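Protein chains: 2
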Amino acid sequence: MATGGNSGRIGAERTPCRLCPLLGCEGLSPPDETQRSWIEAFKAGEASYARGEQVMQQGARATRLYTILEGVLLRFRLLEDGRRQILNFMFPGDLVGLQSAFDAELAHGVEALIDARLCVFPRERFFELAMSHPRLSFDVTWLAAREEASLEEHLVALGQRNARERLTYLAVYLVQRGMETGVARNGVLRLTVTQGQVADMLGLSLVHTNRSMQALRRAGLVDWTMTSIAVPDLESARAFAQMESEPSKRPYI
Amino acid sequence: MATGGNSGRIGAERTPCRLCPLLGCEGLSPPDETQRSWIEAFKAGEASYARGEQVMQQGARATRLYTILEGVLLRFRLLEDGRRQILNFMFPGDLVGLQSAFDAELAHGVEALIDARLCVFPRERFFELAMSHPRLSFDVTWLAAREEASLEEHLVALGQRNARERLTYLAVYLVQRGMETGVARNGVLRLTVTQGQVADMLGLSLVHTNRSMQALRRAGLVDWTMTSIAVPDLESARAFAQMESEPSKRPYI
DNA sequence: ATCGGGCTATGTCAAATGACACGGACGCGC
DNA sequence: GCGCGTCCGTGTCATTTGACATAGCCCGAT
Chain A
1 MATGGNSGRI
11 GAERTPCRLC
21 PLLGCEGLSP
31 PDETQRSWIE
41 AFKAGEASYA
51 RGEQVMQQGA
61 RATRLYTILE
71 GVLLRFRLLE
81 DGRRQILNFM
91 FPGDLVGLQS
101 AFDAELAHGV
111 EALIDARLCV
121 FPRERFFELA
131 MSHPRLSFDV
141 TWLAAREEAS
151 LEEHLVALGQ
161 RNARERLTYL
171 AVYLVQRGME
181 TGVARNGVLR
191 LTVTQGQVAD
201 MLGLSLVHTN
211 RSMQALRRAG
221 LVDWTMTSIA
231 VPDLESARAF
241 AQMESEPSKR
251 PYI
Chain B
254 MATGGNSGRI
264 GAERTPCRLC
274 PLLGCEGLSP
284 PDETQRSWIE
294 AFKAGEASYA
304 RGEQVMQQGA
314 RATRLYTILE
324 GVLLRFRLLE
334 DGRRQILNFM
344 FPGDLVGLQS
354 AFDAELAHGV
364 EALIDARLCV
374 FPRERFFELA
384 MSHPRLSFDV
394 TWLAAREEAS
404 LEEHLVALGQ
414 RNARERLTYL
424 AVYLVQRGME
434 TGVARNGVLR
444 LTVTQGQVAD
454 MLGLSLVHTN
464 RSMQALRRAG
474 LVDWTMTSIA
484 VPDLESARAF
494 AQMESEPSKR
504 PYI
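In structure tokens:
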């Protein structure tokens, strides 16, 4: 699966923040110039991960914080008997591994869903940064709060919705996040998510996930294939899954 | 249900932070003296809520941040058709309403599970505080990260565990949090949680919750009654629900 | 070319969970 | 004391979801 190459190594390339590909994103509000220079000074380099590679290992002691420059990751938690719960999908601009700044051991793993490029920040300097740059620290808190909000939505989905509602919920969520971050266009997100991954995220069996997807496809609500997620009518999909608001802009580091 | 009295009004009483009842708590690491004085200056007063009263209303624009001085709250999300998902239970030392510092509209409601006393902080000054007191801001981020970690655990429970596992998971979680914050003693938490609330938290029907609770009681794993939650053997309960680590100390504001 | 692995599909049956209907206990206000 | 609301308990049956087994497809490795 890991196609080799510069797997997780810090590469020589280093996109200067003023050329950050996230600058043009719909759903992201970029830092001002002062912040940007601090971020640039904090940044240790970049790392690339190929589809399927592990970015962080559950149970390990992480030494880095990341920000997603490009690509999509997923964050998951393994149980001893092999069950796996996917906690969230991470899109460009998201902060990865904040927990490692506080806890010794990572309670979750992170893997690349598609090839990804990450900005690397040294964990040891995080505290120092928080003390000396309160504005950045504030944005980190914001990001943490947004992540928390996502998890709450997922929780509502798992707790209150049936299989088909969960599936359309997740499809809308992913497409929405994709559109904010420039990965998706008008209701279609080109992204390879296997049915097994969906099952592990929504707490459904693989078989039931498959059948429910087909039902949604026949109903014309969500067309989720091996290579893309399409929601032809976002509004009616949202209504079907009882979803509310669209999200607000978020900052990034 | 709301028994009147000083319902949510800011009362005259004002516990000075150096007498904060949380100082002695097992699971909380208190702020140092410098921080404490800043907190005290930021604090606008105290508010009391009776069991069952609403502390924050979903969809409203909140103007305050709270910290729990005493009591237990729950945070929930309502769907249009009346379904309700309880997101988390909040214990002394927890920060309530951080989301309101960022978003205009509250995506969840908060209600008092038992009589509670809260410290009140003005939302408008939060940004200012974060800028001028990075150390406090850092602790807020920490708290947000811990809340996020809780939600992740809940997500795993809802996604991967069956009814009885979920129930013992929740019992252990609550008892654990209760012991950290001085509300519970050796495996027993005196707290009135209805089966309906449990059902709304775990994504189970009321009837099934009832039956599963009885099964756990017969098995001697968890004895959950109207007035208390008892887990005779935390270790075996953890093993049954496939739970891992005990949590680390958290700061508070 | 062939094998094997990962993925999607489908059929059949089993188990977990939910829906509905009801009774009984308890506390509270009048 | 009585009526009422809220909560816990239980019986029966329906629905959703899961388990297992199998087949086909695609693709990369040998």
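If you're matching them up, the sequences are chains A and B in order.
Taken in order, the first sequence gives residues 1 to 253; the numbers are from our numbering.
Taken in order, the second sequence gives residues 254 to 506; the numbers are from our numbering.
Heads up, the beta-carbon is just placed ideally off N, CA and C, and yes, glycines get one too.
It should be emphasised that the depicted structure is a prediction, and the values quoted were computed from it without experimental measurement.
Start-to-end residues for the beta strand (DSSP E) that takes in residue i
i: serine 481 of chain B; result: 481 to 483
i: threonine 462 of chain B; result: Here threonine 462 of chain B belongs to no beta strand (DSSP E); instead the alpha helix (DSSP H) covers 459 to 472.
i: arginine 328 of chain B; result: 326 to 331
i: threonine 320 of chain B; result: 317 to 323
i: serine 48 of chain A; result: 45 to 49
i: valine 373 of chain B; result: 369 to 375
Residue i versus residue j: straight-line alpha-carbon distance, rounded
i: serine 332 of chain B; j: leucine 459 of chain B; result: Strictly speaking, residue 332 of chain B in this sequence is leucine, with serine absent from that position. Spanning the two alpha carbons is a distance of roughly 17 Å.
i: aspartate 347 of chain B; j: arginine 218 of chain A; result: 46 Å
i: proline 21 of chain A; j: glutamate 40 of chain A; result: 14 Å
i: leucine 371 of chain B; j: arginine 51 of chain A; result: 47 Å
i: proline 375 of chain B; j: phenylalanine 391 of chain B; result: 18 Å
i: arginine 414 of chain B; j: tryptophan 291 of chain B; result: 43 Å
i: phenylalanine 379 of chain B; j: phenylalanine 295 of chain B; result: 9 Å
i: leucine 474 of chain B; j: glutamate 377 of chain B; result: 47 Å
i: arginine 14 of chain A; j: glycine 178 of chain A; result: 24 Å
i: asparagine 186 of chain A; j: glycine 312 of chain B; result: 28 Å
i: threonine 256 of chain B; j: methionine 479 of chain B; result: Confidence is the limiting factor: at threonine 256 of chain B the pLDDT is only 39, short of 50, which leaves the residue's position unreliable and the question unanswerable from this model.
i: glycine 316 of chain B; j: tyrosine 505 of chain B; result: Note that residue 316 of chain B is threonine in the sequence shown here, rather than glycine. Computed Cα separation, rounded: 20 Å.
i: glutamate 246 of chain A; j: alanine 468 of chain B; result: 42 Å
Other residues of its chain near residue i: CB distance less than 7 Å, five sequence neighbours each side excluded
i: arginine 61 of chain A; result: Ala104 and Glu105
i: cysteine 270 of chain B; result: Arg289, Ile292 and Glu293
Member of the options whose CA lies at the smallest distance from the CA of residue i
i: glycine 449 of chain B; options: B/Val441, B/Ser501 and B/Thr462; result: B/Thr462
i: methionine 131 of chain A; options: B/Pro375, B/Thr394, B/Glu377 and B/Arg376; result: B/Thr394
i: alanine 199 of chain A; options: A/Arg83, A/Ala47 and A/Val156; result: A/Arg83
i: glycine 277 of chain B; options: B/Arg289, B/Val409 and B/Gly435; result: B/Gly435
i: proline 92 of chain A; options: A/Ala184, A/Thr227, A/Pro16 and A/Arg238; result: A/Ala184
i: alanine 360 of chain B; options: A/His133, A/Gln214 and A/Val156; result: A/Val156
i: leucine 143 of chain A; options: A/Ala241, A/Thr15, A/Arg190 and A/Pro30; result: A/Pro30
i: leucine 129 of chain A; options: B/Arg399, B/Leu444 and B/Pro387; result: B/Pro387
i: isoleucine 339 of chain B; options: B/Leu281, B/Thr447 and B/Val441; result: B/Thr447
i: aspartate 233 of chain A; options: A/Thr225, A/Gln214, A/Thr67 and A/Val188; result: A/Val188
i: alanine 239 of chain A; options: B/Asp334, B/Val308 and B/Thr316; result: B/Asp334
i: threonine 192 of chain A; options: A/Ile114, A/Met243, A/Val120 and A/Arg146; result: A/Ile114
i: valine 55 of chain A; options: A/Ala145, A/Val120 and A/Asp32; result: A/Val120
Proximity below 8 Å, CB of residue i to CB of residue j
i: alanine 116 of chain A; j: valine 72 of chain A; result: yes
i: phenylalanine 89 of chain A; j: leucine 74 of chain A; result: yes
i: glutamate 433 of chain B; j: alanine 365 of chain B; result: no
i: leucine 318 of chain B; j: leucine 351 of chain B; result: yes
i: tyrosine 426 of chain B; j: glutamate 406 of chain B; result: yes
i: glycine 298 of chain B; j: phenylalanine 329 of chain B; result: no
i: valine 175 of chain A; j: valine 96 of chain A; result: no
i: arginine 250 of chain A; j: leucine 28 of chain A; result: yes
i: arginine 443 of chain B; j: serine 481 of chain B; result: yes
i: leucine 136 of chain A; j: glutamine 57 of chain A; result: no
Contact set for residue i: own chain, Cβ-Cβ below 8 Å, skip 5 residues either direction
i: leucine 158 of chain A; result: Arg166, Leu202 and Gly203
i: serine 489 of chain B; result: Leu474
Residue range of the unbroken alpha helix (DSSP H) whose run includes residue i
i: leucine 174 of chain A; result: 163 to 180
i: valine 140 of chain A; result: 134 to 160
i: valine 188 of chain A; result: Segment 188 to 190 is the beta strand (DSSP E) holding valine 188 of chain A; no alpha helix (DSSP H) there.
i: isoleucine 292 of chain B; result: 286 to 295
i: alanine 237 of chain A; result: 234 to 240
i: leucine 455 of chain B; result: 448 to 455
6 Å Cβ shell around residue i - same chain, five flanking residues per side excluded
i: serine 212 of chain A; result: Ala163, Arg164 and Leu167
i: asparagine 6 of chain A; result: Only weak support exists for where asparagine 6 of chain A lies, its pLDDT of 46 falling under 50; the value from the coordinates is given anyway. Counting only Cβ-Cβ distances below 6 Å, and skipping sequence neighbours, we find Ser48.
i: alanine 241 of chain A; result: Glu165, Thr168 and Tyr169
i: methionine 1 of chain A; result: With a pLDDT of 42 at methionine 1 of chain A, under the threshold of 50, the modelled position of this residue cannot be trusted; read the value that follows with caution. Answer for methionine 1 of chain A: Gly52, listed in chain order.
i: aspartate 223 of chain A; result: Arg217 and Ala230
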